[in-house]
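A quick write-up on the structure given underneath.
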Amino acid sequence: MPTGDRAESGRTSVDLVMGVVLFSLMVVSLYQVFIPTLVLSRNTTERLDRQQDVRLAIDRLARELQETTMTPPRLLTYACSGPYQGCIGYVTARVNCTGQFQMTAEGYPNWQATVYVWRDTASNELRRRCDASTAFPVSAWPPATLTPFTVVARDVAEARFTRLAAGVEVFLRERAPGALRSGRRYQTDFVNQTVFVPQNR
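Its first residue numbered 260, the sequence shown is counted upward by one per residue in the numbering used here.
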């Protein structure tokens with residue numbers, strides 16, 4: 260009788276070990292399937308966030324650039340460097356840059372303030388400053404003060420404003436924080452490049 264119990268106990272131990280091995284193989288297989296899917300999902304979410312951020316930044320600048328003028332002293336792009344990139348200054352006829360659009364009695368825009376937009380290279384932020392003290396951008400970058408400012412977009416890897424014959428080309432490249440996978444870092448970039456034509460003179 261004891262011999263039968265030992266044999267039964269041996270079979271139970273073998274069954275238990277085989278069950279643990281099979282369960283481990285199943286867990287490893289599921290891990291190999293789901294981890295790449297989770298990484299892909301995270302990268303897709305990051306990319307969609309960056310696309311939305313770029314679209315919002317372009318939308319914030321679109322109205323101002325379309326309402327301004329191409330007249331040289333009123334719209335200037337700058338060759339900025341060091342802590343600045345993609346620097347532009349242009350006038351607005353909106354009180355404090357956000358209020359009612361002002362017109363003169365003759366039907367021309369009554370320029371109220373100057374808007375400066377630039378990329379801060381240390382923080383990778385696209386920043387915007389309203390200077391209500393003048394309706395003429397400074398002739399050389401940087402202006403006397405760039406504070407206070409608002410952040411138009413974050414994680415901006417590159418920004419350019421190019422003055423064309425009939426408009427202003429805006430180039431923004433945003434980078435999402437990299438996702439780790441297999442010890443390697445993957446970056447997600449999104450580029451938006453468009454031209455705005457100022458409608459006023």
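C-beta atoms are modelled at their ideal positions from N, C-alpha and C, and glycine is treated no differently.
Chain-order list of residues whose beta-carbon lies under 6 Å from that of residue i (same chain, five-residue window excluded)
{"i": "T476", "result": "The structure shown does not extend to residue 476, since the chain is modelled only from 260 through 460, so no value can be given for it."}
{"i": "G358", "result": "none"}
{"i": "R460", "result": "T328"}
{"i": "A391", "result": "N355, A372"}
{"i": "G442", "result": "Because the pLDDT of G442 is 48, which lies under 50, any placement of that residue in the model is unreliable, and the number read from its coordinates should be weighed accordingly. No residues qualify anywhere along the chain."}
{"i": "E384", "result": "V410, R413"}
{"i": "Q452", "result": "F430"}
{"i": "W400", "result": "Y337, C339, C346"}
{"i": "E428", "result": "T421, V454"}
Any non-hydrogen atom of the ligand MG closer than 7 Å to residue i Cβ
{"i": "S283", "result": "As presented, the structure is devoid of all ligands, the ligand MG included, so that no description of it is given."}
Beta-carbon separation (whole angstroms), residue i vs residue j, contact threshold 8 Å
{"i": "Q325", "j": "W377", "result": "Wrong, their Cβ atoms sit about 20 Å apart, outside the cutoff."}
{"i": "V350", "j": "A394", "result": "5 Å"}
{"i": "P342", "j": "D312", "result": "Their Cβ separation, rounded to whole angstroms, is 22 Å, which puts P342 and D312 out of contact at 8 Å."}
{"i": "G426", "j": "V454", "result": "5 Å"}
{"i": "R432", "j": "F408", "result": "The pair is not a contact, with the Cβ atoms about 21 Å apart (cut-off 8 Å)."}
{"i": "A416", "j": "R434", "result": "4 Å"}
Buried or exposed by the 16-neighbour rule on C-beta atoms within 10 Å, applied to residue i
{"i": "M412", "result": "The sequence given here has Ala at residue 412, not Met. By the 10 Å Cβ count, A412 comes out buried."}
{"i": "R322", "result": "exposed"}
{"i": "E365", "result": "exposed"}
{"i": "V273", "result": "exposed"}
{"i": "P396", "result": "buried"}
{"i": "L275", "result": "exposed"}
{"i": "A316", "result": "buried"}
{"i": "L289", "result": "exposed"}
{"i": "G278", "result": "exposed"}
Delimiting residues of the beta strand (DSSP E) encompassing residue i
{"i": "R388", "result": "384-390"}
{"i": "V350", "result": "343-351"}
{"i": "A416", "result": "415-422"}
{"i": "R378", "result": "372-379"}
Beta-carbon contacts of residue i that lie in its chain and below 8 Å, excluding the five residues immediately before and after
{"i": "Q458", "result": "Q325, E326"}
{"i": "A352", "result": "E326, F360, Q361, M362, P368, N369, W370, Q371, N459"}
{"i": "L334", "result": "T327, T328, I347, G348, Y349, V350, P396, R422, V427, P457"}
Sequence-distant residues of its chain with Cβ nearer than 7 Å to residue i (five each side left out)
{"i": "C389", "result": "N355, C356, A372, V374"}
{"i": "T402", "result": "Note on residue identity: the sequence assigns Pro, not Thr, to residue 402. Once the five neighbours on either side are set aside, the close Cβ partners of P402 are Y375, D390."}
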